[in-house]
Amino acid sequence: MAEPTLLAVLLSALAMTAIVTLRYVLASGGFALATARRKPGLYAPLSRQIRFEILWSLASCAIFGIPAGIVAWGWQAHGWTRIYRDAEAMPLWWLPVSVLLYLLAHDTWFYWTHRWMHRPRVFRIAHAVHHASRPPTAWAAMSFHPVEALTQAIVIPALVFVVPIHVAALGVVLTVMTVMGVTNHMGWEMFPDWLVKSRAGGWLITASHHQRHHDLYRCNYGLYFRIWDRLCGTDKGLGKF
Numbered sequence: 003m004a005e006p007t008l009l010a011v012l013l014s015a016l017a018m019t020a021i022v023t024l025r026y027v028l029a030s031g032g033f034a035l036a037t038a039r040r041k042p043g044l045y046a047p048l049s050r051q052i053r054f055e056i057l058w059s060l061a062s063c064a065i066f067g068i069p070a071g072i073v074a075w076g077w078q079a080h081g082w083t084r085i086y087r088d089a090e091a092m093p094l095w096w097l098p099v100s101v102l103l104y105l106l107a108h109d110t111w112f113y114w115t116h117r118w119m120h121r122p123r124v125f126r127i128a129h130a131v132h133h134a135s136r137p138p139t140a141w142a143a144m145s146f147h148p149v150e151a152l153t154q155a156i157v158i159p160a161l162v163f164v165v166p167i168h169v170a171a172l173g174v175v176l177t178v179m180t181v182m183g184v185t186n187h188m189g190w191e192m193f194p195d196w197l198v199k200s201r202a203g204g205w206l207i208t209a210s211h212h213q214r215h216h217d218l219y220r221c222n223y224g225l226y227f228r229i230w231d232r233l234c235g236t237d238k239g240l241g242k243f
């Protein structure tokens with residue numbers, strides 16, 4: 003039985019890698035197309051940089067896809083995770099709560115690992131690849147050194163073993179992760195000023211906030227929310243495009 007099991011795991015990992023790759027191409031490609039229409043010529047001087055962003059991102063897709071595929075196999079074949087399909091398995095109010103918990107947990111992990119990767123030695127080894135995008139483009143969302151990709155690839159697969167989540171709610175989490183990862187790196191702000199500069203917007207991370215991280219390096223480390231940046235004194239406000 004070992005060989006069929008290994009084959010099933012490998013096929014699941016390959017399938018999930020293909021899905022992650024397709025998600026990257028569609029999301030980054032779609033927002034790059036939107037950039038070409040909204041900001042013509044913005045990426046024109048960056049064609050060589052974009053090629054490197056795509057190559058690093060494709061490697062990251064495999065690093066994200068393999069653990070996700072193993073977890074997907076374990077869920078479907080053995081029910082190892084806390085992912086559920088039956089909407090009645092948990093109270094209805096748990097759907098939005100679970101999404102928020104996943105985003106908060108992911109944001110916390112991202113903030114602290116991101117700060118760690120800005121230590122000089124770790125930065126040179128791992129994080130410098132991502133910051134080689136100057137300025138970042140829509141293709142840079144997954145442009146990671148394998149070390150950095152691995153630190154981010156394990157978060158959601160680990161959470162599904164601990165925190166119950168409906169499969170549709172998990173889809174929402176992955177969609178938010180993908181969209182915010184891309185839009186925060188586009189090099190321009192797609193959201194209106196009334197939202198970005200509102201009281202609610204002051205707690206959310208958009209391109210205006212994350213661009214300042216790419217400009218100054220030692221600030222604005224969060225992924226979705228500005229909570230940890232504010233608590234730790236690393237929030238340096240919004241950048242300008």
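For the sequence shown, our numbering gives the first residue as 3, with consecutive numbering after it. Think of the CB as a built atom: it goes at the ideal place given N, C-alpha and C, for glycine as much as any other residue.
Spatially closest choice to G81 from M188, G189, F163, by CA coordinates: F163
Residues bridged to F66 [DSSP beta-bridge criterion]: F66 pairs with nothing; no bridge assigned.
Cα-Cα separation, R39 to L8: 46 Å
Extent of the continuous alpha helix (DSSP H) to which T244 belongs: The question about residue 244 has no answer here: the residues shown for the chain are numbered 3 through 243.
Contact set for S62: own chain, Cβ-Cβ below 6 Å, skip 5 residues either direction: M144, F146, A151
Top-ranked residue by Cα proximity to V184, from L240, G76, A36, W118: A36
Euclidean distance between Cα positions of G189 and A171: 29 Å
Own chain, CB closer than 6 Å to A128, minus 5 neighbours either side, in chain order: M119, H147, V149, E150
Whole-number beta carbon distance between T208 and N222, since they are thought to touch under 8 Å: Actually they are not in contact, since the Cβ atoms of N222 and T208 sit about 11 Å apart, beyond 8 Å.
Exposure label - T19; buried when at least 16 CB within 10 Å: buried
Exposure of L102, with buried meaning 16 or more beta-carbon neighbours within 10 Å: exposed
Y26, buried or exposed, once every other Cβ within 10 Å from all chains shown has been counted against 16: buried
Those residues which DSSP pairs with Y226 across a bridge: Answer by DSSP bridge pairing: none, since Y226 is not bridged.
Beta-carbon contacts of A17 that lie in its chain and below 7 Å, excluding the five residues immediately before and after: G71
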